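Numbering of the sequence shown is given in the working numbering, commencing with residue 1001 and proceeding in unit increments.
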Amino acid sequence: MKIEEIAQLAAQTAMEKKGQNTIILKLEGLSIIADYFVITHGNNEPQVEAIATAIREKMEEKGIHIRGIEGLSEKRWVLLDLGDVVVHIFHRDEREFYHLERIWADAPEIPVEKEAKMY
């Protein structure tokens, strides 16, 4: 599976769990951290956990290695490290505070495909 397809799959899975304002930022050439960030948020802690769990399960189902998960016990800012794709699942308040989109304003936003492909 291509890197952008992994980002799309993570974003689509977040949206299926009602992730809000889900975006994909293409960081390729701008950062050594990752080529793509997927950013989304939930309105409460159970929703943040549900989004993170759904993405983790979808990646495991597709055989995509998860290098690490941070913040799941706090449910305020969960980070899933998928290698070249990093998924940020925020609680609404944390997203407004940290505003990663502003920090990475030079990164182009990739449209999230509305229909899931058979990746």
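All residues carry an ideal CB built from backbone N, CA and C; glycine is no exception. All of these numbers come straight from a predicted model, not from anything done at the bench.
TODO: Look at Val1085 and Ala1034 and say whether their C-beta atoms are less than 8 angstroms apart.
DONE: Mapped onto the sequence shown, residue 1085 falls at position 85. Mapped onto the sequence shown, residue 1034 falls at position 34. Cβ distance < 8 angstroms, so Val1085 and Ala1034 count as in contact.
Task: Neighbourhood of Gln1008 by C-beta distance below 6 angstroms, restricted to the same chain and skipping five residues each side - done: In the sequence shown, the residue the question calls residue 1008 occupies position 8. The answer, listed in chain order, is Glu1113.
- [ ] Give the single residue among Asn1043, Leu1082, Pro1111 and Lys1075 whose Cα lies nearest to the Cα of Gly1068.
- [x] Here residue 1068 refers to the residue found at position 68 of the sequence shown. Ranking the options by Cα distance to Gly1068, first place goes to Leu1082.
Task: Strand pairing of Val1112, partner residues [DSSP] - done: By one-based count along the sequence shown, residue 1112 stands at place 112. According to DSSP, Val1112 bridges with nothing at all.
- [ ] Indicate the three-state DSSP secondary structure (helix, strand or coil) for Glu1070 in the structure shown.
- [x] For the purposes of this step, residue 1070 is taken as residue 70 along the sequence shown, with counting starting at 1. If DSSP states are grouped into helix, strand and coil, Glu1070 belongs with the strands.
Task: Spatial distance of Arg1092 from Ile1032 (CA atoms) - done: Reading the sequence shown from its first residue, position 92 is the one you call residue 1092. Reading the sequence shown from its first residue, position 32 is the one you call residue 1032. Between Arg1092 and Ile1032, the C-alpha separation is close to 27 angstroms.
Task: Met1001 classed as buried or exposed, judged by whether at least 16 other C-beta atoms fall within 10 angstroms - done: Residue 1001 sits at position 1 when you count from the first residue of the sequence shown. It counts as exposed.
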